Structures are given as C-alpha cells and as structure tokens.
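Residue numbers (the working numbering): 133 to 371.
Backbone N, C-alpha and C define an ideal beta-carbon position, used for all residues, glycine too.
Quick caveat, the model's predicted, so the values are computed rather than measured.
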Amino acid sequence: MNEIKILVIEDHNLTRIGLRAALQTQPEFNIVGEAANAAEGIKLLKSLKPDVATIDIGLPDMDGIELTRTFRQYQAENEDYTTKLLILTMQNSEQAVLAAFAAGADSYCMKDIETERLVEAVRTTHAGSSWIDPAIADLVLQQIRQDFPDSSRGASGKRVLIEGIDPDVEKSIVTYPLTHREMDVLELIVAGCDNAEIAKRLYLTVGTVKTHVRGILNKLCVADRTQAAVRALRAGLVP
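And the structure:
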C-alpha cells in the first residue's frame with residue numbers, strides 16, 4: 133500500500149491533535165508535519181512536499197483560502213509540487229465554500245466529519261478527485277444552477293475556469309474526451325437534473341442515461357454527480 137504523506141495546518145492545538153489521531157488510524161497515512169499558522173504552513177508545504185494538506189480556514193495570520201490561492205500560484209510556477217489541498221473547517225457558508233474552490237481547493241470537509249469519512253476524503257483527494265462534504269454539496273450545486281440556468285448549447289458560450297485541476301486528470305480528459313451525447317448529459321447534470329429528467333429531455337431511456345453517467349464519471353475520474361459538476365467547471369467543459 134502506497135504511503136500518503138499528510139501535512140496538517142490547524143491553529144487549535146486540540147483539533148490538531150484530534151486530526152492527527154484520526155488520520156494515524158490508517159497505516160498508509162504518514163503525518164509528515166503540522167503547522168499552527170499560514171506562514172509556517174506555506175513553509176512546510178514547500179519543504180516537505182506532502183501528498184495532501186488539510187487546511188483550516190480560520191488561521192491567525194492568513195485565512196486558509198488565501199493560503200490556498202498563494203500556494204496554487206507557487207505550484208503553477210513549480211511543476212514538481214503536486215500537493216492536493218483539502219479545506220477542513222467549521223465554516224459551511226456559501227461564500228466560504230465557493231471561495232475555497234475558486235482559490236483552487238481540491239476538497240472541502242466539515243470538522244465534525246466522522247473519522248471514516250475523513251479517511252475517505254483524504255484518499256479521494258489524494259487520488260485526484262474532489263471530495264465534497266454532503267453537508268455543503270447542495271451549496272455547490274445551487275451555485276452551479278444559478279450560473280447555468282439554461283443548459284442549452286445556444287447560450288452565451290461562456291466557460292468557467294477554476295484553477296487547480298490535476299494535470300493527470302486534464303490529460304485523461306483530453307485522451308478520452310466526452311462524446312457529444314455525454315456532453316449533453318453532463319450539461320443537464322450541471323443544471324441539476326436527475327436521470328429521469330435527463331431521459332425526458334434527451335428522449336432516452338433511463339437505463340441509457342445511467343450508462344452515459346457512468347461513462348462521464350469514469351472519464352472525469354470522479355465518484356459521483358456532484359464531483360462531476362465541479363470538475364466540469366474546473367476543466368471548462370460546460371459552455
């Protein structure tokens with residue numbers, strides 16, 4: 133089993149201790165460092181090159197969203213830094229969630245998450261997929277629906293690009309592009325339609341829609357529809 137190196141950036145001592153204890157339950161997880169503020173966090177991100185960093189939003193010297201944005205800019209200039217960033221916080225406001233993803237966060241979790249879900253979030257993030265806490269997933273989908281109220285191809289043609297898509301995922305999307313019909317289905321997923329509604333709009337059977345959805349999830353390297361919608365925005369796939 134491959135080791136996953138983790139950096140914990142959290143200013144509250146008890147929370148940091150709890151996170152370390154929870155993560156150390158997994159034999160492949162290796163806590164390579166801890167930081168109590170953003171300055172130390174950025175320093176350790178650069179020196180330790182962890183696979184995944186958990187970042188608290190409410191850091192004393194710089195909030196976690198700004199830290200995420202700052203490190204993403206550094207990564208853009210230094211290709212050998214491939215750390216995935218997982219926001220772990222008590223803030224579930226729409227503004228905080230969307231700002232975190234816009235800054236380049238890979239995943240977003242609430243601090244009251246169960247240990248097994250935290251482990252799942254870290255593994256999913258490390259694998260290159262976005263993990264979104266179910267408690268805030270609706271916020272992301274609501275914003276997507278507002279940004280794309282009309283899923284028709286005759287819309288403005290605007291593409292939304294969010295920084296932070298993994299180069300391997302981008303390469304996979306180029307190598308295995310979505311078919312025309314899969315793009316139709318993806319646009320309706322982003323618009324918030326369920327399989328039955330997609331089938332009705334595209335004059336397909338529900339079974340056929342499910343097949344297209346599975347193909348979309350595989351090609352985008354994601355586990356569910358919410359992650360597919362987020363990745364569609366990150367990759368600029370939705371017109």
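Sequence-distant Cβ neighbours of L320 in its own chain, meaning closer than 8 Å and more than five residues away, are S283, E329, I330, R333, L334. DSSP places E160 in no alpha helix (DSSP H); its state is neither H nor E. Closest in C-alpha terms to T214, from the list G150, I138, N224, comes I138. The Cβ-Cβ distance between A168 and R201 does not fall below 9 Å. By the Cβ test, the region 146-164 is not in contact with the region 191-205, since fewer than three Cβ pairs between them sit closer than 8 Å. DSSP assignment within the region 211-244 yields the following whole alpha helix (DSSP H) runs of 4 residues or more, N-terminal first: 226-235. Sequence-distant partners of L176 (beyond 5 residues in either direction) whose C-beta falls short of 7 Å from its own C-beta, in its chain, are L139, G165, A167.
Counting C-beta atoms within 10 angstroms of its own C-beta, P182 has 16 or more neighbours from the protein chains shown and is therefore classed as buried.
In this structure the region 222-230 does not touch the region 246-259; the number of beta carbon pairs closer than 8 Å is below three. Of the residues assessed, Y206 falls on the exposed side of the cut-off, its CB having fewer than 16 other CB atoms within 10 angstroms. Taking 9 Å as the cut-off, the Cβ atoms of V317 and V338 do not count as close.
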